[in-house]
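2 protein chains.
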Amino acid sequence: MVNKVCMIGSGNFASAIAINVGKNVEANPELFDPVVNMWVFEEEIDGRKLTDIINEDHFNVKYLPGSPLPHNVRAVPDIVKAAEGANIFIFCLPHQFVLRSCAPLKGKIPKDALGISLIKGFQIKNGELFLLSEAISDLLDNLSMSVMMGANLATEIAEGKFCESTIGCKDYEIGRTFRSLFQTEIFRTQIVEGDSITVEMCGGLKNIIAVGAGFSDGMAMGNNTKAAIIRMGIMEMIHFVRLFHPDTQISTYLESCGVADTMTTGYGGRNRALAEEFAKAYPEKSFETLEAEMLKGQKLQGPLTAKEVAEVIHSRNLENKFPLFVTINAICEKEIPPSQLLDKVKYKNYKFVK
Amino acid sequence: MVNKVCMIGSGNFASAIAINVGKNVEANPELFDPVVNMWVFEEEIDGRKLTDIINEDHFNVKYLPGSPLPHNVRAVPDIVKAAEGANIFIFCLPHQFVLRSCAPLKGKIPKDALGISLIKGFQIKNGELFLLSEAISDLLDNLSMSVMMGANLATEIAEGKFCESTIGCKDYEIGRTFRSLFQTEIFRTQIVEGDSITVEMCGGLKNIIAVGAGFSDGMAMGNNTKAAIIRMGIMEMIHFVRLFHPDTQISTYLESCGVADTMTTGYGGRNRALAEEFAKAYPEKSFETLEAEMLKGQKLQGPLTAKEVAEVIHSRNLENKFPLFVTINAICEKEIPPSQLLDKVKYKNYKFVK
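Top to bottom, those sequences are chains A and B. Counting the first sequence from 1 gives a position; this note's numbering is that position plus 893. Counting the second sequence from 1 gives a position; this note's numbering is that position plus 893.
This is the structure we're talking about:
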């Protein structure tokens, strides 16, 4: 059977990935239907509908201007219509919108369909943390979910710069199907079997670390301190994953989704950039203000994820184990100033036990 | 018995560390003699001897201008005189000079003395690699050696910016002695017992990775690619350490000496900076030229370490296992252009097995 792919989302990362997917389905007609539907949240840009612009001009002028989309990527404003006939679903939306956006798909997904989440973040209910891949699966009739995370700044993918990414999946065969969708000459995927929880959690947690790195940049703390903060963040990341997944594979942190993505995000991403401005402007501007000023409609994941994760930590009284994560959240919430970033972590001795 | 400390070396890192050591010996008279001798390779600066400048003005104007040295750090131009009465030796010199410089100390070190190497790099004999701590110990009558490595750019330490460092030692008690010498409010040390080989090797190998990161910067390859290069470098680092030390503790890579130092050096150090210029100017300038132009007498470790490590790899026919390391060396040697940096690593699938 030929697979039909639907991309749920059309931000800059979704659009960059759609370039790869569009090319790959065209190159593999024995595996894939040649048309990729992309669900686009409809907006008007200079009097034209964004879906019309994408379908006529083949540019996502709002979120990824300058990079042409393949002609076989078709923008569809209705999510149910976009999903029609599809059996492979790529979820790539800001994490706060995904469940609301996908609700209309309930009961409309084939039983043997495959989903993959490229979304960074978590879902929190009553102090309990759920992975978004789980939440999507629960919402959509137990859709089989994989994840893809990695050091993948969207604009650089779209510019054709080499990068790696990590596919986390239950079994290797599913991983290979997704690899054939995403991998190109300059976008290399590695498959991690049986540890997709770690892959996914790294993708969410690294944004918190990047916010901390951005605070340190805003205060001109230098390279040594920034490396120390990122290192302590990685230690908390590992400990946090282990709360939910005690048998985490240490090798997964050495894939692109782990230390590499944490580095890229901590040195180059928008969470870092906005956090730098936040610390510089403190206490003048909130993250909401900076988001409006700097992101042109894109949503920031770091402060929201910090809040969600802090909720889990507080509800379990584990502040002592995650001093950096809770400090970063407290700064985001303006409970304490950025100058207190190091106060609680300075003497913390993180122990990694195999 | 009160310990007497001798610092062997006076470059920018040695001087920055001497600030900590000078303060700590003064604050702990029950443990340490209050005067630290620092062996300084004598030079003339504007008609004055560097040792006189240090002893009279308390500034190392050549290598760490702007940061005062404590008055109890005394510059001594004769290495044998500097070592007189000392039983704790801190080695902090460019790795290509250390054995030659220390040769006069042979037979003059007390039997129960302790040494610690802060030196990044290796010694190579006939394609075999030796750790500098071993080489120093061999030269100096089996001096008991520890190491200290970490994300420690010298100027930032001297400016009082927070950082972490890793002390690798045979037993914890020795580690505590060194901690009491080096640790301050803003310089936190962590002790790694029984895996000092990994600590030391990370310190050398990260400079090779930083050269690769600098090449990618020089070619404007972007954040994703740079993270991929650093990640692949970390994988080769682990595999290389395991050639010599199959039972390496994975936790050691999560200390400051591991991923943190690799990050700092890959984003902020001078190996990165010169490699960026090398790639931009290719093939106009050699590293020797850039060193002369940019480093004011400091020596670059990365290209030299790349050459040493490549020699070991070639002599064992392990090119296939270390494509990044050998490619970085080939670029440094101008055998291939920087544009070929990714050619051999693009499809390499590094496997980490516990």
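All C-beta atoms in this analysis are idealised placements derived from N, C-alpha and C, irrespective of residue type, glycine included.
So, are the CB atoms of M931 of chain A and A911 of chain A less than 7 Å apart?
In this structure, the beta-carbon distance from M931 of chain A to A911 of chain A falls below 7 Å.
Determine the chain A residues that contact T1157 of chain B at a beta-carbon separation under 7 Å, and present them in chain order.
Chain A residues near T1157 of chain B: N1116, N1117, A1120.
Tell me which same chain residues have a C-beta within less than 8 Å of the C-beta of K1200 of chain A, skipping the five on either side of it?
Result list for K1200 of chain A: N1222, C1225, E1226, in chain order.
Closer than 8 Å, Cβ to Cβ, to anything on chain A: give me those residues from the stretch 1044-1075 of chain B, in chain order.
Taken in chain order, the members of the stretch 1044-1075 of chain B whose beta-carbon sits within less than 8 Å of a beta-carbon on chain A are A1044, N1045, L1046, E1049, I1050, E1052, K1054, F1055, C1056, E1057.
Taking all protein chains shown into account, decide if K1013 of chain B is buried (16 or more other Cβ within 10 angstroms of its Cβ) or exposed.
Note on K1013 of chain B: 16 or more other CB atoms within 10 angstroms of its CB, so buried under the neighbour-count rule.
How big is the Cα-Cα spacing for S960 of chain B and G915 of chain B?
C-alpha of S960 of chain B to C-alpha of G915 of chain B: approximately 13 Å in a straight line.
Candidates A:E1066, A:K1178, A:F990: closest to Q1194 of chain A by CA position:
That would be A:F990, whose Cα lies nearest to the Cα of Q1194 of chain A.
Who pairs with F1171 of chain B in a beta bridge, going by DSSP?
F1171 of chain B is not bridged to any residue.
Short check: CB of K897 of chain B to CB of A979 of chain B, under 7 Å?
Annotated as proximal: K897 of chain B and A979 of chain B, with beta-carbon spacing under 7 Å.
Within 7 Å, strictly: CB atoms of H1138 of chain A and I1090 of chain A:
Yes, they are a contact pair.
According to the neighbour-count rule (16 or more other Cβ atoms, all chains shown, within 10 Å of its Cβ), is G881 of chain A buried or exposed?
For chain A, the structure presents residues 894 to 1247; residue 881 of chain A sits outside this window and is missing.
Within a Cβ cutoff of 7 Å, which residues of the same chain sit near L998 of chain B, ignoring the five residues on either side of it in sequence?
If you ignore the 5 residues before and after L998 of chain B, its C-beta comes within less than 7 Å of the C-beta of I972, V973, A976, L1033, all in its own chain and listed in chain order.
For a test of the three-state rule: what should DSSP assign to S1069 of chain B, helix, strand or coil?
Note that residue 1069 of chain B corresponds to Arg in the displayed sequence, not to Ser. Helix.
Can we say the stretch 1094-1107 of chain A touches the stretch 1118-1127 of chain A, given the rule of at least three CB pairs closer than 8 Å?
Result yes; three or more Cβ-Cβ pairs closer than 8 Å.
C-beta neighbour in chain A for V1092 of chain B, strict 7 Å
Judged by the 7 Å Cβ criterion, V1092 of chain B is not in contact with chain A.
Excluding sequence positions up to five away, which residues of its chain have a Cβ less than 8 Å from the Cβ of N965 of chain A?
Short of 8 Å from the beta carbon of N965 of chain A, and not among the five residues preceding or following it, lie these beta carbons of its own chain, in chain order: G915, V918, E919, P927, V928, V929.
Do M1038 of chain A and S1030 of chain A have their C-beta atoms closer together than 7 Å?
Yes, the pair counts as a contact, with Cβ atoms nearer than the cut-off.
Between which two residues does the alpha helix (DSSP H) harbouring C1095 of chain A extend?
Looking at the DSSP string, the run of the alpha helix (DSSP H) that includes C1095 of chain A is 1089-1111.
Is the distance from the Cβ of C1150 of chain A to the Cβ of C1062 of chain A below 7 Å?
Not in contact: C1150 of chain A and C1062 of chain A (Cβ atoms no closer than 7 Å).
For a contact meaning CB atoms closer than 7 Å, what does Y1160 of chain A contact in chain B?
Chain-order list of chain B residues neighbouring Y1160 of chain A: N1116, Y1160, by C-beta distance under 7 Å.
How should V1189 of chain B be labelled, buried or exposed, when 16 other C-beta atoms within 10 angstroms of its C-beta is the threshold for buried?
One point to set straight first is that residue 1189 of chain B is Lys, not Val, in the sequence displayed. By the 10 Å Cβ count, K1189 of chain B comes out exposed.
Complete beta strand (DSSP E) runs within the stretch 950-997 of chain B (minimum length 3 residues, chain order):
The stretch 950-997 of chain B contains these whole beta strand (DSSP E) runs: 966-969, 981-984.
From the DSSP output, which residues share a beta bridge with D1061 of chain B?
As written in the sequence, residue 1061 of chain B is Gly, which differs from the Asp given in the question. The bridge partners DSSP lists for G1061 of chain B are B:V1040, B:V1085.
List the endpoints of the continuous beta strand (DSSP E) containing G1008 of chain B.
Note, G1008 of chain B: beta strand (DSSP E), 1007-1010.
On the CB-based measure, 16 or more other CB atoms within 10 Å of its CB, does G1053 of chain A come out buried or exposed?
Burial call: exposed.
What separation, rounded to the nearest whole angstrom, lies between the Cα atoms of G1161 of chain B and N1045 of chain B?
The straight-line gap from Cα to Cα measures roughly 10 Å.
Whole runs of the alpha helix (DSSP H) within the stretch 1105-1151 of chain A, excluding any shorter than 4 residues
Segments of the alpha helix (DSSP H) lying fully in the stretch 1105-1151 of chain A: 1115-1137, 1143-1146.
Please list, in chain order, the chain B residues whose beta carbon lies closer than 7 Å to that of N1242 of chain A.
Here the neighbours are Q1083.
Is any beta-carbon of chain B found at less than 7 Å from that of F990 of chain A?
No Cβ of chain B is located within less than 7 Å of the beta carbon of F990 of chain A.
With DSSP collapsed to three states, give me the class of L1217 of chain B.
Reduced to three states, the DSSP call for L1217 of chain B is helix.
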